[in-house]
Structure formats: structure tokens, C-alpha cells
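In this text, residue positions in the sequence shown follow the working numbering: the first is 364, and each later residue adds one. Glycine is no exception: its CB is placed at the ideal position from the N, C-alpha and C atoms. Keep in mind that this is a model prediction, so the values were computed, not measured.
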Amino acid sequence: MPELRPDALTGRLVLLAPGRSSRPHTTAAVAAAGEVTPPSCPFCGGHEHETPPEVARTGDGPPDGPGWRVRVVPNLYPIVGGPEAGPGATGAHEVIVLSPDHGAGFGALDDAQAAEVLTVLRDRARFHAEAGRAHVQLLINQGRAAGASIAHPHAQLLALDFVPPTVAVAVDRFASTGTDLVLDDQAEAIVAGTGVIVGTEVRAWCPLGSVSPFEVRIAALAGGATIEAATDRQILGTAVVLRDVLRALSRALDDPPYNVVVHNSAAGPRAAAGSEPPFHWWIEVVPRIGVVAGFELGTGILVNTVDPETAAQRLRALLDLETE
Ligand SMILES: [Zn+2]
């Protein structure tokens, strides 16, 4: 039976309708269509001259030459920033190439690689926050259906000169309830049996208000308002849990396209002054196996065809297999 569920963390409404999931989705063909593949890939090792000059790297070698492990370059087609940007559209848009390996998504990285990638992301976010940007968003779009135009696994950073309405509303929601909605959401999942699917200090769970099949949330228990302020230990823990979750999703759903979104508070003077806004940064992982159609566009209510209880059971079983 369909069920309407409000999600206190995001303010979204979801209609849980497992009966609609009778037809399995196959996404591999969709994900591959139109993607750039080697040898024409600008993100592969040896093709460094095909991107704008890099702004950061880890590993060895000269700038814009091979030898790097993680590489950061300005986005050639920025959403914000660049010399032509109009009012409100200033900022920075960077691409973080996860590794020189075209086939290695975040789920394929080892512990050290995953931690290094997330450390670079945090440090770039820090750089832009300290430069006075109002908000830094970090994300991974993996697969064509998730918005990636280049197949080579990469993350993106958007540093904005304003606080987006969704972020402002989220911070207000924390302030007005006077509670840590991320920890509440996780506690609710534990009671319902959809959490914790993996992790201790950093945990992953399937939210009761999952708007998409196999949605997963990840947060460090002691996380603050921004990823910029995360400790090395939190970054390492988060990186390993995120990697494990993506690996399990890949097995559960046959390598689906997905989005990873870091929900981050506003940066800027408040954070810099040490008085953080009431927020808890967290990560949302959404496999793109559903379609936003007319009902969703007209009502703003998302329809989820997979019960989070079912998703959590499946992911937990796969994660248990990994650790045996
Ligand atoms: Zn490549």
C-alpha cells in the first residue's frame, strides 16, 4: 500500500509505493550513451594538456604533467565563475579527478585513495571558504543519467557568492527545531531497522523518508556544520564508509548511475568567527534508477518504489559479505 512520509531532515515529502517496482531498471546502457571514452578522455593520465591548467594535485610530477594521484582543474564549462560571470554567478567551479584510472570510480578506491580524494575535496572547500565564498558545494555525478558528461570518475566543487535558498532553509530548520536533525534521522532509522548499515564513528543508513530507491545518508556522529571544518579522522572515516556504500550499491543495482551530494552549511564570516550555524554536514547518496515524471513536477512529492527497509537489508547483506 502506498504511504506518505514526511522527511524532517530535508522537509521533503515522499510517497512510498513499492508496488510500482515490479519492472526492474537496467541503467548500464543509458549510463554509457554519449560518454567520452579513452583515448579521447581529457581526465586520463597523459592527457593533462587537454584541461585548463591545474590548481592543485597530490602525487608526483610537474604541474599539468603525469605522475599525479588526485588532480584539480577549473571546469571548462563552469556553472559559476570565470571572467564573464554576471552578478550572482561569480564564484568557482572545479573538477577533482579521482585518479588517473579511467575505470576507477569512488567505490573502486582503496582506503588511502578514498581518504586522499576526500581530503583534497575538504581542502579545496576550505580554500574557497577562507577566500570569502558564501557556500561551497561538493558532489559526484557518476554516469550519464546522473548528469556526468565525462565518464572518467570525477567530483565537482562549486563555490558560490550567495547562500542557496535550500541551504538557508535547511539551516533555519535546524535552528527552529533546536535539534540535530541528522542525528535524529539516524536514530529514527536505527529504531525502524534501516540503520546503521555500516560504520561506527561515521555511519551510513537508509532514511525512512528515502525519496529514491536505495537512498543512503552518511554522517560523522561528531560532525560540525561544514565539511571545511572536518578533522582528518572524520574525513578518513567518511571516505571509507562512502566507498563501502558505493561498492555495495554497485553490486545491488548493477553499477547504477548515482549522485553523491555533500549537504554543507554556509561558509563565510560566521563559520570563520567560530560561531557555526546550527547544522550538521552530511552526505546523500542517490542511485539514479527512478525517473522524475509529471506527478513529481506537479506536486513536488517524490515517489519511491523501493521500501528503505528492503534496501537496508540488501545493502547490509552485501557489506557483511565484503568484510567476511
Ligand atoms: Zn579517462
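Quiz item: Quick one: what's got a C-beta closer than 7 Å to R614's C-beta in the same chain, skipping five residues either side?
Solution: Apart from the 5 residues on each side of it in sequence, R614 sits with its Cβ closer than 7 Å to the Cβ of L681 in its chain, given in chain order.
Self-check item: Beta carbon shell of ligand 1 at less than 5 Å from a heavy atom
Solution: Chain-ordered list of matching residues: C404, F406, C407, H465, H515.
Practice problem: Only counting runs of 3 or more residues, tell me where the beta strand (DSSP E) segments fall wholly within the segment 516 to 575, in order along the chain. | Solution: If we require 3 residues or more, the beta strand (DSSP E) runs fully inside the segment 516 to 575 come out as 517 to 523, 558 to 562, 565 to 568.
Practice problem: Indicate whether the contact test is met: 3 or more Cβ pairs, each with one atom in the segment 561 to 568 and one in the segment 603 to 613, closer than 8 Å. | Solution: Output reads yes: the segment 603 to 613 touches the segment 561 to 568.
Exercise. Might you give, ordered along the chain, the residues of its own chain that have their beta carbon closer than 8 Å to the beta carbon of L612, omitting 5 neighbours on each side?
Key: Contacts found: G470, F577, V579, P619, Y621, V648, P650, L678.
Quiz item: Nearest-angstrom Cα distance between V532 and W644?
Solution: Whole-angstrom Cα-Cα distance: 14 Å.
Exercise. Go ahead and label S512 buried or exposed: buried means 16 or more other beta carbons lie within 10 angstroms of its beta carbon, across all protein chains shown.
Key: Around the Cβ of S512, a 10 Å sphere holds fewer than 16 other Cβ atoms; the residue is exposed.
Exercise. Could you tell me whether the segment 588 to 604 touches the segment 649 to 668, using the rule of 3 or more Cβ pairs below 8 Å?
Key: The segment 588 to 604 makes no contact with the segment 649 to 668; the number of CB pairs closer than 8 Å stays below 3.
Exercise. Put T482 into one of helix, strand or coil per three-state DSSP.
Key: Helix, per DSSP.
Practice problem: Say whether the segment 443 to 457 touches the segment 471 to 479, bearing in mind that this needs 3 or more beta-carbon pairs closer than 8 Å, one atom from each stretch. | Solution: Verdict: no, contact absent.
Practice problem: Quick one: measure Cβ to Cβ for I459 and L521, integer angstroms, because I've assumed they're closer than 8 Å. | Solution: Wrong, their Cβ atoms sit about 12 Å apart, outside the cutoff.
Quiz prompt | Alpha-carbon spacing of D427 relative to G409, whole angstroms | solution = Cα to Cα, D427 sits roughly 9 Å from G409.
Exercise. Could you check if I652 is buried or exposed, using at least 16 other CB atoms within 10 Å of its CB as the buried criterion?
Key: By the 10 Å Cβ count, I652 comes out buried.
Self-check item: 9 Å Cβ cutoff met for A497 and L461
Solution: No. Outside cutoff.
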